[in-house]
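Following: one structure in structure tokens, then a few remarks.
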Amino acid sequence: MSLQLTIATRESRLALWQANHVKQLLEGLGHHVTLMGMTTMGDQILDQPLSKVGGKGLFIKELEVAIANGSAHIAVHSLKDVPMDLPEGFHLACIMAREDPRDAWVSPNFESLESLPHGAVVGTSSLRRTVLLQALRPDLKIEPLRGNLDTRLKKLDEGQYAGIVLAAAGLKRLGLKDRIRHIFDLNKMIPAAGQGAIGIEISSSRMDLVQTLASLNDITTAVAVYAERGVSRAMGGSCSMPLAAHATIHQGTLSIHAAWGDHLKAGTALIHAHDQKSIDLQDPHVLSLASALGDSVARKLIAQGAVPSTQPSAPLNAPPH
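Quick note: the sequence shown uses this note's numbering, first residue 8, plus one each step.
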């Protein structure tokens, strides 16, 4: 059955690319789709770190309001910007196939982090990237860098930084691959939970849309992301936490690597934890098993001295597979 659907999206160029990507896929299934661009609080508050003004939920609240009042049927998000637990009445219906999850080094003058002079200024407002950069180069000066992807590149080009670190996925999606000077090794710059993946949110009162979106769901990505988000949830799920988590699936084995660091102590050694588990992607409980493995990794971090931000929260509603 053909549906009339409205997608709520942020208005940044990357957010619109993602929403248009979903729109085209749904139109290919015979649905009629329109976009509703919105400006979120996260887009407006650019002079303070997210960790101090409300966290990643600032990027999705207005979109959820549009779903709740019926102005939109679905919202498309960069999954790394989605809080670990959605508000009551909302459901993560779909996790799409992931782009490159790695971080990219972007600089007009320096080929890599290693080539920077002592004390060079690097831009990022991510506490995760801050602690990972400090572990690699304790001498560097890490300065805040907020704004959408184009804004960050503009600040770099104006000479405010020797280089900046961005998600490779966003650069590739916007045709900016030529700006990438170096892709970081996954074991050195471990990604954020969900990095490179797109999530689709719906109202819990419209669970019929789960079936509509089913062909867009990628179970391999979903399992990996649920494992990563399981680490974050058990650690408190806050963007004010310097935590990295990345999961992979190879020959039926789900593996997770996570790291935590103290961003207030430059040069402090990172705490790492790993775990793995044999899984069956056809198992109806596979997402819960993935989350549980993430929880196990978080407990290993805590046992070594990592500090969770809050008490662990309840599991997120799982998309079907």
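Even for Gly, the Cβ is constructed at its ideal location relative to N, Cα and C.
What is the DSSP secondary structure of residue i, reduced to helix, strand or coil?
| i | result |
| --- | --- |
| H28 | helix |
| V113 | strand |
| T131 | coil |
| E71 | helix |
| S78 | coil |
| L57 | At L57 the pLDDT is 48, less than 50, meaning the model places this residue with poor confidence and gives no usable figure here. |
| Q51 | Unreliable positioning characterises Q51 in this predicted model, as indicated by a pLDDT of 48, which lies under 50. The coordinate reading is nonetheless provided below. Here Q51 sits in helix by DSSP. |
| T16 | strand |
| S222 | helix |
| S295 | helix |
| V217 | helix |
| A321 | Because A321 sits at a pLDDT of 39, beneath the cut-off of 50, its placement in the model cannot be relied upon, and the point is left open. |
| V304 | helix |
| V314 | coil |
| K195 | coil |
| K272 | coil |
| L123 | coil |
| Q289 | coil |
| P327 | Annotation note: pLDDT 47 at P327 (below 50); position unreliable, no value reported. |
| R136 | helix |
| D185 | helix |
| L143 | helix |
| L23 | helix |
Name the one or two DSSP bridge partners that residue i has.
| i | result |
| --- | --- |
| A282 | For the record, residue 282 in the displayed sequence is Asp; it is not Ala. DSSP, once it has assigned bridges, lists I263 as partnering D282. |
| F97 | S210 |
| G37 | Its beta-bridge partners do not exist; DSSP assigns none. |
| Q5 | In the structure displayed, the chain extends from 8 to 328; residue 5 sits before or after that span and is not available. |
| I309 | Note: I309 sits in no beta bridge, so no partner. |
| M45 | R17 |
| I205 | S85 |
| I102 | G206 |
| I190 | A111 |
Report the CB separation of residue i from residue j in whole angstroms; it is logged as a contact under 8 Å.
| i | j | result |
| --- | --- | --- |
| A169 | L123 | 6 Å |
| T296 | H80 | Correcting the residue identity first, residue 296 is Leu in this sequence and not Thr. Actually they are not in contact, since the Cβ atoms of L296 and H80 sit about 31 Å apart, beyond 8 Å. |
| L10 | H38 | 5 Å |
| A234 | A251 | With 8 Å as the limit, A234 and A251 do not qualify as a contact, their Cβ atoms being about 13 Å apart. |
| I187 | V293 | Rounded, the Cβ-Cβ distance is 33 Å, inconsistent with contact. |
| I197 | G130 | No, I197 and G130 are not in contact; Cβ-Cβ is about 19 Å, not under 8 Å. |
| R17 | M45 | 6 Å |
| H175 | R105 | The displayed chain sequence assigns Ala, not His, to residue 175. With 8 Å as the limit, A175 and R105 do not qualify as a contact, their Cβ atoms being about 11 Å apart. |
| D107 | G244 | Not a contact, Cβ separation roughly 24 Å. |
| G268 | A142 | 6 Å |
| S78 | M103 | Contact doesn't hold; Cβ gap of about 23 Å is too wide. |
| H360 | M214 | In the structure as shown, the chain starts at 8 and stops at 328, and residue 360 therefore has no counterpart that could be examined. |
| G312 | I278 | 6 Å |
| I149 | T158 | Incorrect: roughly 18 Å between the Cβ atoms, too far for contact. |
With 8 Å as the threshold, decide whether the Cβ of residue i is near any Cβ in chain D.
| i | result |
| --- | --- |
| E235 | Looking for chain D here will not work: only one protein chain is present. |
If you follow the beta strand (DSSP E) that residue i is in, where does it begin and where does it stop?
| i | result |
| --- | --- |
| T255 | 250-257 |
If you follow the alpha helix (DSSP H) that residue i is part of, which residue opens it and which one closes it?
| i | result |
| --- | --- |
| S239 | 226-241 |
| K179 | 175-180 |
Any chance you could list the beta strand (DSSP E) runs of at least 3 consecutive residues sitting entirely within the segment 148-173, in chain order? 148-150
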